[in-house]
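Going line by line, the protein sequences match chains A and B. Just so we're on the same page, the working numbering is the position in the first sequence counted from 1, plus 62. Just so we're on the same page, the working numbering is the position in the second sequence counted from 1, plus 62. Beta carbons are placed, not taken as given, at the ideal position from N, Cα and C, and that holds for glycine.
There are 2 protein chains.
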Amino acid sequence: MATIKDVARLANVSVSTVSRAINHSGYVAKDVYDRVLAAMRELNYQPNAVARGLVSRKTGSIGLIIPDVANPFFSDIARGVEDEAIANGYTVILCNTDWNLQREQMYVRLMQGKWVEGIVLVGSRTPEQELAALLNGLPIVLADRKPNLLKSAVWSDNEVGAYLATQHLMDVGCRKIAHIAGPEDSPSATARRMGFRRAIEEQVGVYGTIAQGNFRFDGGYDAAMKLFTADDPPEGIFAANDMMAVAVIQAANRLGIRIPRDVRLVGYDNISMSEYVYPSITTVEQRGYDMGREASKLLLALLEQRMDAVLTKELEPTLLIRQSTQTENA
Amino acid sequence: MATIKDVARLANVSVSTVSRAINHSGYVAKDVYDRVLAAMRELNYQPNAVARGLVSRKTGSIGLIIPDVANPFFSDIARGVEDEAIANGYTVILCNTDWNLQREQMYVRLMQGKWVEGIVLVGSRTPEQELAALLNGLPIVLADRKPNLLKSAVWSDNEVGAYLATQHLMDVGCRKIAHIAGPEDSPSATARRMGFRRAIEEQVGVYGTIAQGNFRFDGGYDAAMKLFTADDPPEGIFAANDMMAVAVIQAANRLGIRIPRDVRLVGYDNISMSEYVYPSITTVEQRGYDMGREASKLLLALLEQRMDAVLTKELEPTLLIRQSTQTENA
DNA sequence: TTGTACGCGTTATCAC
DNA sequence: GTGATAACGCGTACAA
């Protein structure tokens, strides 16, 4: 690949002139400018971002550390992050952690070494103190996690979303409601569990129970099986995410239990699948794409020192009512 | 952040010694090594990959140019690419093109500037000549596309996969078979269309028709609606991908047509959704994760000049039979 | 076994 | 307006 020197030689000027021409910084005569441009074109010159980064200390890239891009909720976020980044001239480095704390740390260090200008950290479970220590001042925006110590984040209120979901099950007449929870160490799962509890406790005459899941299909399936075969099966199930809600449907099919007739079901996330399964799943919309987009926007604002920028953004969870909670005669 | 100079000063040695210690290149006395290590630790030193890249001309990153990470098939590929890359010390830059040729070009140039060591290009529709010209020698591996001019690629034979799918529909007794095709400018879609045609033409007494889709839900839905409301509706439908197959199910539900009783359905890709919808969809497995993984592995082999490495890999498509083609009395 | 000096491609600060 | 020149942080001949 051609360097700035090659261009300078061909255009018969010094490298500094070429640099000025490229960056529109400082003076450069019209005819000289044209000559430089022609040379650039002829050599198919592309400025070297690495060398640029070294001197300017700006690499034009940000790190995206995410549990798993293959997970539909996260891949929406990833897309949002990249869209906003590229629109502002930034490039995104993708890192998958599988929620593994070691990998998360490894990636943070790696990103430091690569001189990313900032990080969007999605769905992290690392304690914020540790994070802050690790970061060493590197700008970061948390996504899908409500911050305590850290100042910038985009999240939606899982507690409220879960409350809405549970409330809706009560509205359609459920008295015995089960929650299939997410992993214990997940802040989102914890918040949803709390929202569920609050809804249950606010309403007299409604009974709640919690079955442990893991946000994955298998965990949801096992939990649903246990619930359905218990002495006193629930009339409504609130699954902590759509993936597990889909599993509930499969378990119900297996046992000949019909949804929503025999049991009503609510999920969480609104992954596209939830709309297309049968019955379609009533769920709490998370707007992953927007979350990613906002996180990215926020990080860029941070980088460009626009201190007027808001540092946190809470997205409203909204309930989407579909077939899985339809009442016969409504 | 601390630099190599800081470490050198603290350890009372020269920068070159520190460099040698870090990279285990050249001689360095045991006690000196320990001193350097201690200094590194104390300063929380992290080698600067940018500076390193400048001198070594190796950035340790590869570009992943992909139509859309939010699309489940591609997000699987992305995950595979990243897994293999990070396992070998490489980092992945994510680029979404939405199949837009301009964006693809833009990203290729951007990646050149960033000095990525190579590119995994997924599902591209740019003519290979143009690509080769654009690349200017930058190593590349095509994924999900059979190469002509370019030497390295990972793909699965879509023609064969489509043939299998169509054959299966005939096996379960369909005589009038419709294919909902993908976009005309997609090589995969074209290959699938050809496989469909071949299967139909090889069998006397079987009638085929093609409806235009676009690989998206909406296109599949519209096409299915047209097929179902035509004078002579099909007995079997082969949708060019699972997303459109899901749409076919929705359209059928809407019209009170039952699958597989009234019409049998086969999809393509085996995205996770296809297993969880009702009825579950018979489909052709693509193994996106493996494809990504292989593509990455191949690119790295290329970069490391392991010329013994195979340059192309064709993955066998396999048929997964599920409910959507179940015969009543089988 | 260790240190000096140069270069990687670019930008910024100066003289001219 | 333009051109040397010194950084940026690191790897590596080469000399010591």
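Does the separation of the CB atoms of residue i and residue j fall below 8 Å?
| i | j | result |
| --- | --- | --- |
| A/TYR338 | B/VAL308 | yes |
| B/TYR330 | B/ASP304 | yes |
| A/ARG326 | A/LEU231 | yes |
| A/VAL184 | A/ALA205 | yes |
| B/GLY125 | B/CYS157 | yes |
| A/GLY281 | A/MET306 | yes |
| A/LEU163 | A/THR188 | yes |
| A/PRO322 | A/THR380 | no |
| A/GLU378 | A/SER218 | yes |
| A/VAL112 | B/THR121 | yes |
| A/ASN150 | A/LEU362 | yes |
| A/VAL170 | A/LEU360 | no |
| A/VAL328 | A/PHE300 | yes |
| A/PRO201 | A/LEU373 | no |
| A/THR228 | A/GLY267 | no |
| B/ALA28 | B/VAL310 | There is simply no residue 28 of chain B to check, as chain B begins at 63 and stops at 392 in what is shown. |
| A/ALA83 | A/VAL90 | yes |
| A/LEU382 | A/ASN315 | no |
| B/ARG254 | B/ALA313 | no |
How is the alpha helix (DSSP H) around residue i delimited, first residue to last?
| i | result |
| --- | --- |
| A/GLU264 | 249–264 |
| A/HIS230 | 220–233 |
| B/ARG82 | 77–85 |
According to DSSP, simplified to helix, strand and coil, what is residue i?
| i | result |
| --- | --- |
| B/GLN191 | helix |
| A/GLY275 | coil |
| A/SER334 | coil |
| B/THR344 | strand |
| A/GLU366 | coil |
| B/LEU105 | helix |
| B/ALA240 | strand |
| B/THR387 | helix |
| A/MET63 | coil |
| A/VAL216 | strand |
| A/GLY270 | strand |
| B/LEU317 | helix |
| B/LEU211 | coil |
| A/ALA392 | The predicted position of A/ALA392 is uncertain, since its pLDDT is 47 and thus under 50; a value taken from the coordinates is nonetheless stated next. Note: A/ALA392 maps to coil in three-state DSSP. |
| B/LEU382 | strand |
| A/ARG97 | helix |
| A/GLU356 | helix |
| A/TYR89 | coil |
Starting from residue i, trace the beta strand (DSSP E) in both directions and tell me its first and last residue.
| i | result |
| --- | --- |
| B/ILE66 | No beta strand (DSSP E) contains B/ILE66, which is instead part of the alpha helix (DSSP H) from 66–73. |
| A/LYS375 | 374–377 |
| B/ILE202 | 202–205 |
| B/VAL328 | 326–328 |
| message | Extract the residue ranges of the beta strand (DSSP E) inside the stretch 109–185 of chain A, only unbroken runs of 3 or more that lie entirely within it. | response | 123–128, 153–158, 180–184
| beta strand (DSSP E) runs contained entirely in the stretch 277–310 of chain B, provided each spans 3 or more residues | 298–301
| Does the pairing of the stretch 136–147 of chain A with the stretch 130–145 of chain B give three or more beta-carbon distances under 8 Å? | yes
| task | Determine contact between the stretch 341–348 of chain A and the stretch 209–229 of chain A, defined as no fewer than three beta-carbon pairs at a distance below 8 Å. | result | yes
| request: Count the C-beta pairs between the stretch 237–253 of chain A and the stretch 271–280 of chain A that are closer than 8 Å, then say yes if the count reaches three, no if not. | output: yes
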